[in-house]
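Asks:
Residue numbers (UniProt numbering): 1 to 375.
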């Protein structure tokens, strides 16, 4: 079950990599549009986190809400085509709004638009992960949203709670904050049951916890408490703690640090350990046999470069799992390979600088990156 004490509640000020989800209702007012004052205050929180050395990713709703106001589409239910048109208009305004409030703090922003396919397809997943890692390494704050201009029902997340959780797992975040219209997870819908009790800390998502989830949905958001629980499951399985808090207060992240009401869902392992377990549970689709020098490099925590591979077997695509073997055939570990089997065979034994000449295009330096490997 859950407990109302919090012996292991995370502290946002210690986060190494933080993902913050921002709902439409917090960002956009139906009558007046973008809530500029609230967004500027949030930018101050982001800047403070960056000063502490925390990587920050913002998963922001709001493009459709902004676009429908510009296009005069009213408050009724939109067709898929209308939603996509509103998103196309709103996305550029949303990205500009974040750029304008973060630039005075010396923070560069990037717009990242994704669909469900980008996280379920291993090749796209690795590409997304590599792009996000590069942006964060350069000190950029990515602004992530679902690509509503092209996404159909079959490739949609459908709500940014679950998108935020998947992004948190993708980038290896240790904390995810859902800024919402409710101040935590309750034993029942507090709008309907005055006796509903808020949990400060949930250590395990049990069937009893799941049964408590209602659907307090604002007029503009799609994510009720059930979707937040699904997000929590994804996050904590990936080693990322998750908090639900009411986000309309100015500087909500500072409020969270100072003891605002919220519910924390506790991760059972850190992101790196969770990711290694995930990779280790996969069934290999091929094998990479290494030379002695590559074995030493891997045991020292290095990535696997093509030059250290003497033989490639199996049939696999980019992003699929392979076994990594010593020269005498002993399994050293597993990893997600960044090239197809045909490509890997072509570049095996060659230096990374030779890849473009062999394949005809610029590739990634590592055959298997150390972050995608269990040794």
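Virtual Cβ for every residue (Gly too), placed ideally from N, Cα, C.
1) Could you have a look at residue 97 and say whether DSSP puts it in helix, strand or coil?
2) Once you ignore the five residues that flank residue 20 on each side, which residues in its own chain have a CB closer than 6 Å to its CB?
3) Counting only runs of 4+ residues fully inside the segment 32-71, write out the alpha helix (DSSP H) ranges in chain order.
4) Taking 7 Å as the cut-off, is the C-beta of residue 27 nearer than that to any heavy atom in the ligand PLP?
5) Would you mind working out which of 330, 48, 283 sits nearest residue 315, comparing C-alpha positions?
6) Apply the 10 Å Cβ neighbour rule to residue 81 and answer buried if 16 or more other Cβ atoms are within range, or exposed otherwise.
7) In whole angstroms, give me the CA-to-CA distance for residue 16 and residue 369.
8) Judging by CA-CA distance, which residue of 321, 346, 344 is the nearest neighbour of residue 334?
9) Looking at the structure shown, is residue 258 part of a helix, part of a strand, or coil, going by DSSP?
10) Identify which residue in 74, 42, 125 has its Cα closest to the Cα of residue 99.
11) So what does residue 335 bridge to, in DSSP terms?
12) Please state if the CB of residue 66 and the CB of residue 30 are separated by a distance shorter than 8 Å.
13) Where does the unbroken alpha helix (DSSP H) through residue 197 begin, and where does it stop?
14) Out of 249, 275, 33, 201, which one is the CA nearest neighbour of residue 129?
15) Is it right to say residue 203 is buried, meaning 16 or more other beta carbons lie within 10 angstroms of its own, or is it exposed?
Replies: With the structure as the only source:
1) It is helical.
2) 58, 177
3) Runs of the alpha helix (DSSP H) inside the segment 32-71: 36-51, 63-71.
4) Absence of the ligand PLP from the depicted structure is noted, as is the absence of any ligand whatsoever, leaving it without description.
5) 283
6) exposed
7) For residue 16 and residue 369, the distance between alpha carbons rounds to 21 Å.
8) Taking only the C-alpha atoms, the option nearest residue 334 is 321.
9) When secondary structure is reduced to three states using DSSP, residue 258 falls in the coil class, being assigned neither helix nor strand.
10) 42
11) 322, 373
12) no
13) For residue 197, no alpha helix (DSSP H) run applies, since DSSP gives it neither H nor E.
14) 275
15) buried
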